[in-house]
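Here the sequence shown stands for residues -22 to -1, 1 to 222, numbered as in mature numbering (1 follows the signal peptide of the UniProt record, and there is no 0). This report refers to the structure that appears directly beneath it.
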Amino acid sequence: MTSVRICLAVGLSCLLSSTAVGKSPTTVSAAIVFAVDRSSSISTEEMAAQVSAHVKLLRSPEFLDKALGGDRCLGLHYFEWSGVGDVHEVLPWMTVCSASKAEVAAAEIEAKAGLPPPSGTSRRSSLAFAIDSGLAAINVMPFRASRKIISISTDGISNDGVPPSEARDRAAKENCIVNAIALTEGEPGLEADMKAYLRRNVITGDGSFALAARDLDAYEQLVLQKTLLEARGQERRRVNYPPK
């Protein structure tokens, strides 16, 4: 194995990826990076909801049937982010083609996600850094992918680093789709309509979309439906979405 350290342009964070030398990469239907907010605005309940939603997703019979059915395989990567320079890799790139591999990924997230960040960690929120970190991960993924997707989960607007639109445009140049889901419909005193904010500043790519959950129970269902769309390459307008 050889280790390749890819440093982000901001110069404050690096992602470490291991790839096999001399081995042709697998081709997957979609490579999906789950980029999950752990900034100071995320409450204990919201953090638990983010972790639980992704764990339940990977154990969901609907996900296993519709996302992995037939000959479909996914490449999955999961990290947590906050301010510029703070990224916590939870699930390194994994090829998921079966229920057994999905369970391995679920168990890894369940065990390692949502832990308190080290003291001194930046707890601000940089959506640009989240996108750039996702792009760095995609640039070292050990397989080919028909679609490359960064899936942002957050509860509010960016308040650190460069404007998120700058990172969004970098992702667009790499033919990378950026989708986003907000844990709440609005951030009191800052942004009344999170979905509109994410549409303006974060998402990009064919079929990209932004969602906002009414509550934490709705968030869990939206994560499932969002990931099914990402896995199957469907456009949001073709399905009854979000479910009533």
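By construction, the Cβ of each residue, glycine as well, lies at the ideal position given by its N, Cα and C atoms. Here the structure is a predicted model, which is why all the values come from computation and not from measurement.
- Task: Go to A13, then tell me how far its alpha helix (DSSP H) extends in each direction, as first and last residue.
- Result: It is not in any alpha helix (DSSP H) - A13 instead sits in the beta strand (DSSP E) that spans 4 to 15.
- Return the CA-CA distance between E67 and V14, expressed in angstroms with no decimal places. 10 angstroms
- Please determine, among E40, L207, D171, T182, the residue with the shortest C-alpha to C-alpha distance to A190. D171
- Query: Would you say V201 and H32 are within 8 angstroms of each other, going by their C-beta atoms?
  - Reply: yes
- Query: Quick one: what does DSSP say R125 is sitting in, helix, strand or coil?
  - Reply: strand
- Classify E163 as helix, strand or coil using the three-state DSSP reduction. coil
- Just reading off the beta strand (DSSP E) that M72 is part of, what are its end residues? 65 to 74
- Message: Using the three-state DSSP reduction, which class does S131 fall into: helix, strand or coil?
- Response: strand
- Message: Quick check on the DSSP output: the alpha helix (DSSP H) that includes T107 runs from which residue to which?
- Response: Reading off the sequence, residue 107 comes out as Phe, not Thr. From DSSP, the alpha helix (DSSP H) with F107 extends over 105 to 117.
- Excluding five sequence neighbours on each side, which residues of the same chain lie with their C-beta closer than 7 angstroms to the C-beta of L35? F41, V201, L202, T205
- Between which two residues does the beta strand (DSSP E) harbouring E58 extend? 52 to 59
- Query: Three-state secondary structure (DSSP) at N137?
  - Reply: coil
- Query: Helix, strand or coil: how does DSSP classify L93 here?
  - Reply: coil
- Whose C-beta lies closer than 6 angstroms to the C-beta of N179 among residues of the same chain, with five residues either side of it excluded? P142, S143
- Message: For S103 and N137, which I take to be in contact (beta-carbon distance under 8 angstroms), what is that distance rounded to the nearest angstrom?
- Response: 5 angstroms
- Query: Thinking C-beta only, is L105 closer than 8 angstroms to E86?
  - Reply: no
- With a CB to CB cut of under 6 angstroms and the five nearest residues on each side skipped, what residues in its chain are close to D184? none
- Message: Please classify L52 as buried or exposed, where buried requires at least 16 other C-beta atoms within 10 Å of its C-beta.
- Response: buried
- Query: When you compare only the Cα positions, how much space is there between D147 and L176?
  - Reply: 14 angstroms
- Message: Below 8 angstroms on the Cβ atoms is my contact criterion, and I expect I130 with A9 to pass it. Report the Cβ-Cβ distance as a whole number of Å.
- Response: Not quite, the Cβ-Cβ distance comes to about 15 angstroms (not below 8 angstroms), so this is no contact.
- Message: What does DSSP give as the partner residue(s) for T182 in the beta ladder?
- Response: V156
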